[in-house]
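Using the working numbering, read the sequence shown as starting at 5 and increasing by one per residue.
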Amino acid sequence: MLVAPSILSADFGKLESEIKAICEAGCDFIHIDVMDGHFVPNLTLGPVVVHSVAKAASKPLDIHLMVQNNSFFVELFAPFKPEFLSFHIEEEKHANRLAQKIREYGIKPAIVLNPHTNLDSIEYLLEFVDMVLLMSVNPGFGGQKFIPNVLDKIKNLKDKIELRNPNCLIEVDGGVCDRNIESLKKAGADIVVAGSYIFGGDYKERIESLR
């Protein structure tokens, strides 16, 4: 299992040292939640802060856009060369075009689904993306409880991926901890995002508990 700590739960008063600490603790990616106050009722990180994160990080970035006007935000954050740049299907009318735009920057495009969004909405996009991020909480705030029926959604998505694009990864974000990690592994998740769980204890121990 690959682990991507969400810096939304980090101490922003010492963000540089927090980034270095989770990289040294053995994470695989740094997950960055970009919220615009419109698509979700919260505001988070702009490009100035992400630039600082990118300079401090020794692991690749995983940027998750929770925004309106996805194309504009792709242009803002593409210069930081994240490994993945993901956008929500609920907010994008031209998903194929946007995925291609992300790939032209040399970045792996990823698509995101909210807990209530049907998998049918992305079935014909699977061959154009490198990852699908399934939200296991309603996006906008950290520290929420995991929604259990997302486990069935992961299993169903895995079946679709095997048919359409076996190299596509499945990432899960929201309420991930040591109590549900085994269920996530069995369901077929490849990457987990965890914020409050990792930053609420010893970083190395918490990351290892999710392997």
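Think of the CB as a built atom: it goes at the ideal place given N, C-alpha and C, for glycine as much as any other residue.
Keep in mind the model is a prediction, meaning the values are calculated, not measured.
- For E96, the secondary structure class from DSSP, reduced to helix, strand or coil, is coil.
- In the displayed model, E87 falls within coil according to three-state DSSP, outside both helix and strand.
- Assignment of beta-bridge partners to S10 by DSSP yields H35.
- Contact between H68 and D37 holds: CB atoms are separated by about 5 Å, below the 8 Å threshold.
- The C-alpha of S62 lies about 34 Å from the C-alpha of D156.
- Residue D177 holds the alpha-carbon nearest to the alpha-carbon of P119 among K190, A58, D177.
- The DSSP-derived three-state label of L214 is coil.
- Under the three-state reduction of DSSP output, A114 falls in the strand class.
- In the three-state DSSP reduction, L49 falls in the coil class, being neither helix nor strand.
- The beta carbon of P86 sits closer than 7 Å to those of P64, L65, D66, I67, I111, all from its chain and outside the five residues before and after it, given in chain order.
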